[in-house]
Amino acid sequence: MKINENISLEGQRVLLVPYNENHVSRYHEWMKSPELQQLTASEPLTLEQEHAMQRSWREDHDKCTFIILDKQLWTAPGVEEEQCMLGDVNIFLTDPTDPSLAELEIMIAEASYRGRGLGKEVTRMMMSYGVTRLGIKKFQAKIGLDNEVSVGMFKKLHFQEVSVCKVFKEVTLEMTVDEAVRTRLRDETAFMKERDYTQACRDRQELVSQ
Ligand SMILES: CC(C)(COP(=O)(O)OP(=O)(O)OC[C@H]1O[C@@H](n2cnc3c(N)ncnc32)[C@H](O)[C@@H]1OP(=O)(O)O)[C@@H](O)C(=O)NCCC(=O)NCCS
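When the sequence shown is numbered by UniProt numbering, its final residue is 210 and no position is left out of the sequence of numbers.
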């Protein structure tokens with residue numbers, strides 16, 4: 001999607017930035033991991049295919065993605081942005097006749113960052129962005145039956161289990177965005193700041209060169 005190509009979302013411990021070409025190489029390294037392939041139900045891609053995928057996430061009107069950065073590291077002097085990457089979060093509009101239905105995916109690729117509350121922080125931020133900027137009214141998450149952590153996280157975020165597909169060994173969880181959900185999301189992401197990404201990068205350069 002073009003809509004977020006110059007947007008950064010600042011959280012308490014993370015910064016969400018548009019998925020750019022300079023992120024592809026690290027992303028590609030992550031996806032060589034059989035564990036991540038299995039947990040995210042992904043096929044390994046060549047580096048060339050990964051670049052094509054990055055372009056498609058940018059161009060296609062039905063896909064919105066952000067790279068998750070370690071906010072504290074990002075503001076440290078001498079650290080390249082690629083070194084701050086810890087995962088990604090996506091919204092995928094699955095129904096061409098209903099742009100208010102979104103499938104949500106998240107990956108904290110760096111294992112040392114898991115289990116510290118970042119998954120919840122990022123998912124809430126992405127949901128808030130999806131509701132306010134993309135007009136999402138229903139979120140779905142399709143998760144491998146064995147992925148207890150992910151299922152646990154979405155349930156903790158008030159998603160309800162709606163179906164289980166034994167063939168694909170996958171559970172579908174959903175959340176309809178009603179007024180109560182909107183209010184809760186707004187309260188839970190009150191810290192979130194939406195910024196111009198280019199400007200945020202300029203400010204960062206100034207900050208770290210002081
Ligand atoms: C799934 C994932 C996004 C969760 O993010 P995280 O930062 O590790 O999770 P958090 O620390 O925010 O914890 C979220 C919640 O998960 C649940 N959870 C954590 N470990 C759990 C476990 N072993 N069993 C069940 N639920 C668990 C808890 O409800 C927890 O919230 P709580 O600590 O307030 O109780 C992350 O672990 C990840 O990306 N894993 C690898 C890729 C993946 O599986 N992606 C999802 C594909 S569908």
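All residues carry an ideal CB built from backbone N, CA and C; glycine is no exception.
None of these values were measured; they are calculated from a predicted model.
Going by Cα to Cα distance, which pick from the options is closest to residue i?
i, options, result
"Thr-183", "Arg-13, Lys-120, Met-127 and Ile-91", "Met-127"
"residue 213", "His-158, Glu-174, Leu-157 and Lys-156", "No answer is possible for residue 213: it lies beyond the span of the chain, which begins at 1 and ends at 210."
"Ile-91", "Arg-124, Trp-74, Glu-82 and Gln-83", "Arg-124"
"Thr-189", "Trp-74, Gly-11 and Ile-3", "Gly-11"
"Tyr-113", "Glu-105, Leu-86, Val-177 and Leu-101", "Leu-86"
"Glu-5", "Gln-38, Thr-65 and Leu-104", "Thr-65"
"Val-149", "Leu-118, Lys-2 and Lys-166", "Leu-118"
"Tyr-27", "His-61, Ala-180, Val-14 and Gln-49", "Gln-49"
"Gln-205", "Ile-7, Leu-69, Glu-81 and Glu-110", "Glu-81"
When DSSP labels each residue in this structure, what does residue i get in the three-state scheme?
i, result
"Ala-141", "strand"
"Met-1", "coil"
"residue 214", "Because the chain in this structure spans residues 1 to 210, residue 214 falls outside the shown range and cannot be described."
"Glu-50", "helix"
"Val-167", "coil"
"Phe-107", "The sequence as given places Met at residue 107; Phe does not occur at that position. If DSSP states are grouped into helix, strand and coil, Met-107 belongs with the strands."
"Gln-12", "coil"
When you compare only the Cα positions, how much space is there between residue i and residue j?
i, j, result
"Leu-157", "Gln-72", "25 Å"
"Lys-155", "Phe-139", "13 Å"
"Ala-52", "Asp-178", "36 Å"
"Thr-46", "Trp-30", "12 Å"
"Thr-176", "Met-153", "17 Å"
"Gly-115", "Asp-203", "31 Å"
"Thr-94", "Ser-42", "17 Å"
"Ala-141", "Glu-103", "6 Å"
Does any residue of chain C have a CB that is nearer than 8 Å to the CB of residue i?
i, result
"Gln-54", "The structure shown contains no chain C; it holds only a single protein chain."
Provide the residue(s) that pair with residue i in DSSP beta bridges, ordered along the chain.
i, result
"Phe-66", "Pro-18 and Val-89"
"Leu-134", "In the DSSP output, where bridge partners are listed per residue, Leu-134 has none listed."
"Asp-196", "Ile-7"
"Gln-83", "In the DSSP output, where bridge partners are listed per residue, Gln-83 has none listed."
"Leu-101", "Lys-138"
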